[in-house]
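Down below is the structure, laid out as structure tokens.
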Amino acid sequence: MSDLLRKPFGTHGEVHRITPESAGWRYVGFALHRLRAGETASDVTGDREVILVMVEGKANITGAGQDWGELGDRMNVFEKTPPHCLYLPNGSDWTAKATTDCTIAVCSAPGKGGHDARRIGPDGITLTERGKGTNTRYINNIAMEAEDYCDSLLVTEVFTPAGHWSSFPSHRHDEDDYPRITYLEETYYHRLNPANGFGIQRVYTDDGQLDETMAVADGDVVLVPRGHHPCGAPYGFEMYYLNVMAGPLRKWRFVAAPEVEWIMERDAK
């Protein structure tokens, strides 16, 4: 199995924990908790900032010295409704107590103390169509560059219809050369509908030194340390993913793969 493909290490409790050390990079962290009603998860942010994303279900959350009440109302991620999220700066702690069965994603990156704790969504998040033809997909932007919520984190949700492609035309963001391109590490947390399906993700560089094509199952995480990273959803299976990106500069600038530049230019017209 590719080192870039991370399977959940269980079905209950904390099922993913990806740190910069375990990923072999510097910025992005990702964890996932699957809780039953009444159970709790907690952690400290340390020198990192965190966005908690209520992927599914509801929980009462305290963090950064505040009681944020019950967050969440989407019981199935494929409802596509805007998520409830919570931003916590470095130097915070948090506790979530599930009020229903729930799935909570913990997205993290280096914190600089530049932003206060705050709720993100569902207000202000609108499902947006992007792309053309079988490259059409739907986006819930949680904290991208236009939202000045974070020091380092960029976080978004993407829904890819069955038979469509996403993160396409193939592109990379693996050089620190702003404004041409920015260096951003990235994780993909995948879900499939129906859950017994599969999706495809390829991670490859122009020189071929990295070229991995993976079948992703419901609940898998894919690491993108560099290179292009398109996804495909087979006919009959809808794909969701939660993206977490971070790097030295909180801006998303990318370069298309040479073989697909013409597609990007054509579709921009």
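Numbering (my numbering) for the sequence shown: 935 to 1203.
Note that CB positions come from ideal geometry on N, CA and C, so glycine has one too.
Short Cβ contact (8 Å threshold) for VAL1089 with ILE985: yes
ASP1201: first and last residue of the uninterrupted alpha helix (DSSP H) it sits in: 1195-1201
Alpha helix (DSSP H) runs contained entirely in the stretch 1049-1081, provided each spans 4 or more residues: none
Own chain residues within Cβ distance below 7 Å of GLY1006, not counting five before or after: MET988, GLY991, LYS992, ALA993, HIS1018 and CYS1036
CB contact below 8 Å: LEU986 versus chain D: Looking for chain D here will not work: only one protein chain is present.
Distance, GLU1119 Cα to ARG1204 Cα: With the chain represented from 935 up to 1203, any question about residue 1204 goes unanswered, as that position is not in the structure.
Helix, strand or coil at TYR1011 according to DSSP, with G and I counted as helix: Sequence inspection shows Val at residue 1011; the Tyr mentioned does not correspond to that position. Three-state result, VAL1011: helix.
Three-way DSSP call (helix, strand, coil) for PRO1164 in this model: coil
Cα-Cα separation, ARG951 to PHE964: 6 Å
Burial state of ALA1080, where buried means 16 or more other Cβ atoms lie within 10 Å: exposed
PRO954, enclosing alpha helix (DSSP H) - first and last residue: 954-957
DSSP three-state assignment for PRO1044, whether helix, strand or coil: strand
Secondary structure, beta strand (DSSP E): runs of 3+ residues fully inside the stretch 1095-1124: 1108-1111 and 1115-1117
When GLU983, GLN1000, ASP1108 and LEU1183 are compared against VAL1189, the one with the closest alpha-carbon: ASP1108
Whole-angstrom distance between ASP1141 and GLY1181, CA atom to CA atom: 23 Å
Distance between GLY972 and TYR1112 (C-alpha atoms, nearest Å): 46 Å
Close Cβ partners of CYS1041 (< 7 Å) along its chain, the five nearest in sequence each way excluded: PHE964, VAL984, ILE985, VAL987, LEU1087, VAL1089 and VAL1178
Residue(s) in a DSSP beta bridge with TYR1169: TYR1169 pairs with nothing; no bridge assigned.
Cβ shell of LEU966 (< 6 Å), same chain only, five flanking positions each side left out: VAL949, HIS950 and ALA1039
Nearest candidate by alpha-carbon position, reference ARG1052, set TYR1175, GLY1003 and GLU1172: GLY1003
Assumed close pair GLN1135, VAL1155 - CB separation to whole angstroms, cut-off 8 Å: With 8 Å as the limit, GLN1135 and VAL1155 do not qualify as a contact, their Cβ atoms being about 11 Å apart.
Contact set for TRP959: own chain, Cβ-Cβ below 7 Å, skip 5 residues either direction: GLU1119 and PRO1159
Pair within 8 Å by beta-carbon distance, GLY947 and THR979: no
Beta-bridge pairing of ASN1127 - partner residues as DSSP gives them: GLU1172
Buried/exposed call for ARG1200, threshold 16 Cβ in 10 Å: exposed
Exposure label - TYR1021; buried when at least 16 CB within 10 Å: buried
Cβ-Cβ separation, VAL962 to TYR1174 (assumed contact under 8 Å), whole Å: So it is not a contact: roughly 19 Å between Cβ atoms.
Residue burial classification, ASN1074 (beta-carbon count within 10 angstroms, cutoff 16): buried
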